[in-house]
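See structure below.
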Amino acid sequence: MPATQKPMRFGHTEGHTDVCFDDLGSYIVTCGSDGDVRIWEDLDDDDPKSINVGEKAYSCALKNGKLVTAVSNNTIQVHTFPEGVPDGILTRFTTNANHVVFNGDGGKVAAGSSDFLLKVVDVMDCSQQKTFRGHDAPVLSLSFDPKDIFLASASCDGSVKVWQISDQTCTISWPLLQKCNDVINAKSICRLAWQPKSGKVIPVEKSVKLYRRETWNNQYDLSDNFISQALNIVTWSPCGQYLAAGSINGLIIVWNVETKECMERVKHEKGYAICGLAWHPTCGRIAYTDAEGNLGLLENVCEPSGKISSMEKDYNDLFDGDDANNAGDFLNDNAVETPSFSKRIINDEEEDDDLMLASGRPRQRSHILEDDDNSVDVTLLKAGSSFSKEEEEDDQANSIHNLPLVTSQRSFYDGPMPTPRQKPFQSGSTPMHLTHRFMVWNSVGIIRCYNDEQDNAIDVEFHDTSIHHATHLSNTLNYTVADLSYEAILLACESTDELPSKLHCLHFSSWDSSKEWLVDMPQNEDIEAICLGLGWAAAATSAMLLRLFTIGGVQKEIFSLPGPIVSMAGHGEQLFIVYHRGAGFDGDQCLGVQLLELGKKKKQILHGDPLPLTRKSYLVWVGFSAEGTPCYVDSEGVVRMLNRGLGNTWTPICNTREHCKGKSDHYWVLSCKLDREFRCMELADLMTQNAVNLAIKYASRSRRLILAQRLSELAVEKAAELAATQVEEEEEEDFRKELNAGYSNTATEWGQPRLRNQVEEDAEDTRESDDKEEEPELHNHVFYVLPLLSEGFFLTKVHFYTKNTLNCILSIKFFSHNCYFRPKTGFQMWLEENRSSILSDNPNFSDEADIIKEGMMRFRVLSAEERKAWAAKAKGGTTSDGAEAKKRKHVVDESYETENEKEKAKENLNLPKKQKPLDLSTNQKLSAFAFKQE
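Under the numbering used here, think of the first position of the sequence shown as 5, with each following residue one higher.
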């Protein structure tokens, strides 16, 4: 007869709820997020006994009169049953324990925690403990081997491991699960269960895998076409012949493991996730709980009364008319006769019974080791059973003809398996199922969403309150995605049966009285991703369309996307779009990227190029750096940036996983920005002079005064080096020309002492003529320049300079002095005068950046008139500084000329009255200059 589903009843408050039977099946025991353990005599018990064990209870197990619970205070507690008297603490963890189970005889307890550890504790002597290490994420569930040889565990790191209890080593590990960072974010809690006396089950995704014990080879899968969501939990019948599983959308399915036949399908009244499942120890009753704290009961499940007629059940009523066309494949007018519990004998030595079941993703083909058993028919299965030949001959004909046409067996495929497509997401947001979550967190501000019993609202905060004040919005339309810029707040919601999908913009920077606008999407078109830029807003929809609006609400562009949207980001006039190019295989996503510039001259930079990701990873963040360079991050923590100088390729710039201090650490990327000013100096040292000048401008606009000053000093050094290099090249070239011009001079001509004076006289005449002109004509005469020492610039080497270069050096000297050793703004002048007071009030300030920050805070407190006065003072100071610089330059020039005249007068006193020849060659002049006597 078909299973009977009793109406569910309230058991605990909303949240994860666990359930189990006592040894005799007389009581149903549940625990929930209210911290209570309730003991029910039956589902109709209106006054169950309640035991408070803590703030929250995550799991419970009952054996031999001992009730064990995993409690939110990181402990495993023991109470007597049914009295409920506390009987001590078995063990402790550093964080919440997620699951607890007994072994077969009730002498040991195993528990798994979010600190990645598993512990096996002796119930009678809690000092006898074994700790298992090897998982890289919180433990989801665990289960004892019926023979107490192995312990199985599942974890958020995506693995299912089998441990040797005796030496605490991992025997085998399967990557079957989807990775996550916490139990609350896990797609399935993956409650494990070993087959009585032989094997094990792992519920994940939409199938159940059967493994052979000891060899751990995969045999075949159990599945059903009605399973549309991942399986959450499984439990065995006491005989080990039937397996029940519950899914996250409220479906309970029972299989006959021998025939791989689906015996029962029951749907939750409201479709809530099944998180607790327990089979009665002596009869066909299954108790189950859901994620809302309710308790339910199924009766007459695979009842051992002869024939089972579950195939005659009206599935149209069960599934509310869904899949009505496919339901006929699973219906049969004739009942299938199966052996009863009493007739079935389990043989421990039977090799076919020595199996372990596990469910996993069908695309993990590496775990499908054997496919021969998938094609075994019912006759071969019965041939290995303990039925007599007479029973086999009587049932064989009817069984073959009465089996459903559609089975859960899958043909073996050894090729690549497609990867499920990544769902659309908003960068900087947290999962939508959270009651309190971030809708977006970027460099502008934060948008939070609260959706609970007390309030359904949205809070907007800005990092810089001068842009806009914090805002509180009602969320009556249930907005799910948001974006924030310096101009506006953009919100979007999904469509409902009554309302279409909407795009809502709050344009707070608008100069008119209308500060917001609302746009409805066409029917059957939902907004999946949004972003804001400079003067525009974009929305990507489920119809693979991108709608581009002005910031005022006018739709100015609409175009089709090459594939389903994944995410978008905007910065200035740039729009960064990531979408699905096609189907990925073996865990890889196949993504494409478009980069558009939406200025006056619209153009496309990236034309649907493939987006490279780490193997078996997915996209978690897209955005721009502070300078406007597109960046993105994958699930493996690798940050990549667009390299425009290398043909628009993507360069890995950071691996956040390498900077995590612990396994539970995780970096949530908000924006890309470089804060290492010392590293900026190192990079600037590799730049050209023009690039350094641009860096100075950017640092000044970014209010990084110390960095701008150091970059300015670096620019002066580079200018001096460049000038020196040019001088040396000119001198070398001129010297070669002069040497080539005349080699006819005799050796004695190089030694005439009075030639030196003629060279200097020519130089003096040239200098005097140059001083008379406003813009002196530059000649190729060479001067011997001694090291110059001034306030702002040092020449530490002796070089030969042309007059042009000398003037350049003097200009650089005064430019450095005036621009970087004098305040240029009112704030800098105010800071210089008030530096002593800042240091006296804050004696612990040793860094110049701290002094500047404190000074900026004090300067902002000043009134507008005071700040204007300082600004005017700074402008006047700059003008006077320029005049003083000209005076100093004129003084230096005069002193330079005076010294040369005195030196010339001294040398002329020693010269004979006979004048030098007027036709001296250039070589003679150079030799006289080179061998000048002091």
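The beta carbon of each residue, even a glycine, is placed where N, CA and C say it ideally should be.
Close-in-space but distant-in-sequence residues of the same chain around residue i (CB under 7 Å, 5 per side omitted)
{"i": "residue 503", "result": "none"}
{"i": "residue 154", "result": "166, 167, 168, 169, 175"}
{"i": "residue 540", "result": "552, 553, 554, 555, 602"}
{"i": "residue 52", "result": "42, 43, 44"}
{"i": "residue 573", "result": "431, 535, 580, 626, 627, 628"}
{"i": "residue 436", "result": "484"}
{"i": "residue 13", "result": "47, 298, 299"}
{"i": "residue 95", "result": "80, 115, 123, 125, 130, 133"}
Counted within 10 angstroms of its Cβ, other Cβ atoms place residue i as buried (16 or more) or exposed
{"i": "residue 593", "result": "buried"}
{"i": "residue 82", "result": "buried"}
{"i": "residue 470", "result": "exposed"}
{"i": "residue 180", "result": "buried"}
{"i": "residue 515", "result": "exposed"}
{"i": "residue 664", "result": "exposed"}
{"i": "residue 478", "result": "exposed"}
{"i": "residue 474", "result": "exposed"}
{"i": "residue 545", "result": "buried"}
{"i": "residue 775", "result": "Note that residue 775 scores a pLDDT of 46, beneath 50, so its modelled location is shaky; the value from the coordinates is reported in the next line. With fewer than 16 other Cβ atoms within 10 Å, it is exposed."}
Inter-residue spacing [alpha-carbon to alpha-carbon] between residue i and residue j
{"i": "residue 829", "j": "residue 490", "result": "27 Å"}
{"i": "residue 461", "j": "residue 301", "result": "38 Å"}
{"i": "residue 47", "j": "residue 289", "result": "12 Å"}
{"i": "residue 209", "j": "residue 233", "result": "7 Å"}
{"i": "residue 140", "j": "residue 118", "result": "10 Å"}
{"i": "residue 42", "j": "residue 452", "result": "37 Å"}
{"i": "residue 701", "j": "residue 838", "result": "26 Å"}
{"i": "residue 214", "j": "residue 224", "result": "5 Å"}
{"i": "residue 563", "j": "residue 548", "result": "9 Å"}
{"i": "residue 859", "j": "residue 847", "result": "14 Å"}
{"i": "residue 616", "j": "residue 654", "result": "8 Å"}
{"i": "residue 868", "j": "residue 651", "result": "49 Å"}
{"i": "residue 525", "j": "residue 500", "result": "12 Å"}
{"i": "residue 423", "j": "residue 157", "result": "25 Å"}
{"i": "residue 129", "j": "residue 79", "result": "16 Å"}
{"i": "residue 715", "j": "residue 855", "result": "20 Å"}
{"i": "residue 605", "j": "residue 510", "result": "27 Å"}
{"i": "residue 538", "j": "residue 632", "result": "12 Å"}
{"i": "residue 30", "j": "residue 639", "result": "48 Å"}
{"i": "residue 622", "j": "residue 57", "result": "41 Å"}
{"i": "residue 506", "j": "residue 531", "result": "8 Å"}
{"i": "residue 878", "j": "residue 698", "result": "24 Å"}
{"i": "residue 231", "j": "residue 708", "result": "59 Å"}
{"i": "residue 70", "j": "residue 163", "result": "31 Å"}
Cutoff 8 Å; reference residue i; Cβ partners in own chain excluding five residues on either side
{"i": "residue 718", "result": "685, 688, 689, 696"}
{"i": "residue 326", "result": "In this prediction, residue 326 has a pLDDT of 42, which is less than 50 and means its spatial position is unreliable; what the coordinates show is noted afterwards. Taken in chain order, the list of residues that qualify is empty."}
{"i": "residue 220", "result": "166, 175, 176, 360"}
{"i": "residue 587", "result": "422, 423, 425, 594"}
Close-in-space but distant-in-sequence residues of the same chain around residue i (CB under 6 Å, 5 per side omitted)
{"i": "residue 68", "result": "110"}
{"i": "residue 508", "result": "495, 522"}
{"i": "residue 831", "result": "863"}
{"i": "residue 657", "result": "643, 645"}
Proximity winner among the options, relative to residue i (alpha-carbon distances)
{"i": "residue 38", "options": "422, 258, 298, 628", "result": "298"}
{"i": "residue 112", "options": "121, 52, 134", "result": "134"}
{"i": "residue 527", "options": "28, 441, 520, 498", "result": "498"}
{"i": "residue 569", "options": "585, 576, 559, 241", "result": "585"}
{"i": "residue 9", "options": "126, 457, 157, 293", "result": "293"}
{"i": "residue 610", "options": "620, 604, 599, 619", "result": "599"}
{"i": "residue 441", "options": "546, 475, 486", "result": "486"}
{"i": "residue 589", "options": "577, 571, 567, 620", "result": "620"}
{"i": "residue 145", "options": "193, 136, 252, 877", "result": "193"}
{"i": "residue 576", "options": "235, 647, 542, 596", "result": "542"}
{"i": "residue 561", "options": "550, 255, 457", "result": "550"}
{"i": "residue 307", "options": "836, 6, 295", "result": "6"}
### Query
Whole beta strand (DSSP E) runs in the segment 440-495 with 3 or more residues, listed along the chain?
440-445, 449-455, 460-466, 475-478, 483-488
### Task
Any chance you could list the alpha helix (DSSP H) runs of at least 4 consecutive residues sitting entirely within the segment 157-209, in chain order?
none
### Task
Only counting runs of 3 or more residues, tell me where the beta strand (DSSP E) segments fall wholly within the segment 614-660, in order along the chain.
623-628, 634-638, 642-647, 653-659
### Task
Kindly provide the ranges of any beta strand (DSSP E) runs that are 3 or more residues long and lie completely inside the segment 108-156, ordered along the chain.
112-117, 122-126, 133-136, 143-148
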